[in-house]
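Numbering (the working numbering), first residue to last: 978 to 1617. Before any comments, here is the structure.
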C-alpha cells in the first residue's frame, strides 16, 4: 500500500494541500484513500487499490477473516476463465492489502511492502528505531519503502530496500520534501511542474529509459536501491547506505550456496498465501521453480508470450516441460499486440510515462487484473547482474546496461529530431550524467564490475519500478533473488562466473538436476517491433497521426518536420506501407540529406519512445484534472 508524503516545516497548511493534490491522480485512476495522517509540518496519505478476492489459494492455507479495511474496499470475483484453470484442491481466500502504520506521539512509521529479515511490522521497527536510531534500518531486508517521521524534531527518513524493488519518487528542497509512488503525483505542485529534464528526455528517446535517477521533471528523482533521504528543518540530504562490492569480496569457489538462496526465496514467499511464478524457459525463473518445489511452496506457474508459433525451443514449450517435470499447475497465456493502437494512450497514463516499448505492457494490464483475482503475488527472477559478455572497457560497461553514448550518428540523429537549443541542452546534460556514472568507478575498476554495479544501481530499478508498477495495481510483483544475501553472494562471484549466468546455471544443477536436464529456451517471447510495424497498418496510422499532431510542449523540444521525414522513410520500408502521412513540410537540402542518411537508424524502438514521450507530455501539460478513462479498454487475451 503506497504512501504520499508531503512535508514543509515552514508551511504545514501548504503541505496538507500538496498531499491532497498529489493523491488526486491516483484517485482518478481508481485508487482509494485508506488513511490520512497529519503531523507538525506535514501530512501523509495512504493510497491503494481495492483488495480482490483470491479464487484459488491452496487448500492447506487458512483464510483470514476480512478486516474492516477489506470490507470497506469490497472484493471482486475471478473471471470464470481463470477459475477453470485452477486445480480442484484450491479453496477461496482473501488477500489483505492494508496500509501498515505505527502512529504514536513520538514516532510515525509507514511501511509499504514487507520485511523478511528484521522487525516485520511498523511497531517493531519503531521500537528498534527508538533504541538505536536510523542506522538500525540499514540492517533490514525485504521489499519495501519505509518512512519514519519524528514529529518533535520534524525529522523525516525515507528508505528504499537493497534491491530498489518498489517505486518511490522524491522532490526535495531545503524547506520541503514530497515523496510519492508515481510520477504523476507531482503534476499538481506548481514549483515542480513544467521544468523538464533535458537528460531524461534524450535518454527516454534513445534508450527507452532514464539513464540514472532522473525523471522527466528536473527536480524529481526516482530513488534507486539502498537510498536514504533525511529531511530536517533547513536541510535535505540523500545518500546510498549500502552497495554490493562487485568482484572485490573473494568468492573464489565461483558457486552460489543453494541453501542460502533457498532461505532467501522462501522468506519472500512467506508473506503471500497464493503466489504465482512467472515461468519462462530461462535460468532465473527455473531457480524459483526449483526452490518452490524443494520447499513445497503453494505456487502456480504462469507463462505468457506474444509469439503464437509455440516453437520447440521457445518459452511456451520449454516452460511446459519444466512445469510437467516439477508437477506444478501451469497456465499459459497468449498475449496480443494487435489492439495496441486503441490502448496506447491509456498505457502511457497507467505506466506514468516510464514505458518506452509500449506494446510489451498493453496486455499485461489485462493479465495483471486476471492474475490479481486469483493470486496475491507474482514472482520474477530478477538478478542484480545481467550475465552478458565480459566488458573490456568502461565504454562497453556503460553501453552494456543500455546507455548509448551521444556521438557520431546518434548525435546527428539527436540534432536532427530535436530543436537546436533543446539538442544542445539535452546532449550536454546527458554527457555530464554519463561522465559522473563512469567516474564513480575510479581509475582501476574492472569494467565488468562497473557494468554490474551500474546494472544494480541504474538499470535494474528502472525495470522493477517502470513496467512492474503496472502490475502493482492488481498483484504484488516480487523479486526474491534480490534478497541482500543473494545480492552479496552474487556480487562476490568472479567475473567469469557472473557472465553468461554460469553461477546461476550451476545453481539450477545443484538445486534440481532433473530441471537442469531440460534445454534452455532459445526463442524469446518478446515483441518483435519490426514485425509489428510491417503487419499492423492500423497501428502504423496511429503512430503517424499521433506523432505529427501539434503539441506545443513537444514541439518546443522536438522537430516535427524532421521526424515526419524520418517517419515516412521508416514506414515505407514496411510491407503495406502507410499512405496517410501528411505531405512533407519543406526541409532544407541539408536536413533532407541527413534524413536519408539516418533513416536506417530510425527504428521502431525510437519511434515508440518518441510516441511515449509525446503522450506523457500531453498528459502532464493537461494536468492532474484531465479526464482519464478509468476502465481503459484492454485487448482480449486468449488463455489456454
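Where is the CB? At the ideal position from N, CA and C, for every residue including glycine.
When you compare only the Cα positions, how much space is there between residue i and residue j?
i: residue 1253; j: residue 1262; result: 11 angstroms
i: residue 1274; j: residue 1246; result: 8 angstroms
i: residue 1277; j: residue 1353; result: 11 angstroms
i: residue 1203; j: residue 1548; result: 44 angstroms
i: residue 1521; j: residue 1457; result: 41 angstroms
i: residue 1536; j: residue 1011; result: 45 angstroms
i: residue 1459; j: residue 1266; result: 16 angstroms
i: residue 1651; j: residue 1175; result: In the structure as shown, the chain begins at 978 and stops at 1617. Residue 1651 is therefore absent and cannot be evaluated.
i: residue 1111; j: residue 1436; result: 27 angstroms
i: residue 1514; j: residue 1505; result: 15 angstroms
i: residue 1382; j: residue 1481; result: 31 angstroms
i: residue 1326; j: residue 1161; result: 9 angstroms
i: residue 1236; j: residue 1465; result: 15 angstroms
i: residue 1008; j: residue 1027; result: 7 angstroms
i: residue 1393; j: residue 1581; result: 17 angstroms
i: residue 1179; j: residue 1490; result: 46 angstroms
i: residue 1366; j: residue 1406; result: 29 angstroms
i: residue 1487; j: residue 1018; result: 54 angstroms
i: residue 1384; j: residue 1546; result: 23 angstroms
i: residue 1508; j: residue 1463; result: 38 angstroms
i: residue 1124; j: residue 1165; result: 22 angstroms
i: residue 1364; j: residue 1282; result: 22 angstroms
i: residue 984; j: residue 1115; result: 23 angstroms
Does the Cβ-Cβ distance between residue i and residue j come in under 9 angstroms?
i: residue 1264; j: residue 1485; result: yes
i: residue 1083; j: residue 1107; result: yes
i: residue 1217; j: residue 1360; result: no
i: residue 1370; j: residue 1424; result: yes
i: residue 1598; j: residue 1181; result: no
i: residue 1144; j: residue 979; result: yes
i: residue 1448; j: residue 1341; result: yes
i: residue 989; j: residue 1015; result: yes
i: residue 1191; j: residue 1410; result: yes
i: residue 1455; j: residue 1223; result: no
i: residue 1479; j: residue 1258; result: no
i: residue 1121; j: residue 1094; result: no
i: residue 1593; j: residue 1396; result: no
i: residue 1588; j: residue 1335; result: yes
i: residue 1103; j: residue 1092; result: no
i: residue 1578; j: residue 1386; result: yes
i: residue 1492; j: residue 1233; result: no
i: residue 1213; j: residue 1270; result: no
i: residue 1339; j: residue 1320; result: yes
i: residue 1590; j: residue 1330; result: yes
i: residue 1428; j: residue 1519; result: no
i: residue 1256; j: residue 1279; result: yes
For residue i, which residues does DSSP report across the bridge?
i: residue 1085; result: 1080, 1126
i: residue 1162; result: In DSSP, residue 1162 forms no bridge with anything.
i: residue 1215; result: 1206
i: residue 1094; result: 1118
i: residue 982; result: 1021, 1156
i: residue 1015; result: 1020
i: residue 1281; result: 1310
i: residue 1191; result: 1198
i: residue 1173; result: 1194
i: residue 1295; result: According to DSSP, residue 1295 bridges with nothing at all.
i: residue 1650; result: The displayed coordinates of the chain run from 978 to 1617. Any statement about residue 1650 would go beyond what the structure contains.
Would you say residue i reaches chain D, if we count a Cβ-Cβ gap shorter than 9 angstroms as a contact?
i: residue 1027; result: Checking the listed chains, one finds no chain D in this structure; it contains a single protein chain.
Three or more beta-carbon pairs under 8 angstroms between the region 1307-1321 and the region 1408-1420, yes or no?
no
If you scan the region 1402-1480 from start to end, which runs of the beta strand (DSSP E) of 3 or more residues do you find wholly inside it?
1453-1455
Taking only runs that begin and end inside the region 1312-1399, name each unbroken alpha helix (DSSP H) of 4 or more residues, in chain order.
1317-1327, 1339-1349, 1371-1377, 1385-1394
Taking 8 angstroms as the cut-off, does the region 1190-1209 touch the region 1430-1446 (at least 3 CB pairs, one atom from each stretch)?
yes
Run through the region 1234-1272 for me and flag every whole alpha helix (DSSP H) of 4 or more residues, listed as ranges in chain order.
1235-1246, 1261-1271
So does the region 1013-1029 actually touch the region 981-1001, counting three or more Cβ pairs closer than 8 angstroms?
yes
Would the region 1155-1167 count as touching the region 1131-1146 if we require 3 or more Cβ pairs under 8 angstroms?
yes
Count the C-beta pairs between the region 1489-1502 and the region 1291-1301 that are closer than 8 angstroms, then say yes if the count reaches three, no if not.
yes
Contiguous beta strand (DSSP E) assignments of at least 3 residues, all confined to the region 1517-1554:
none
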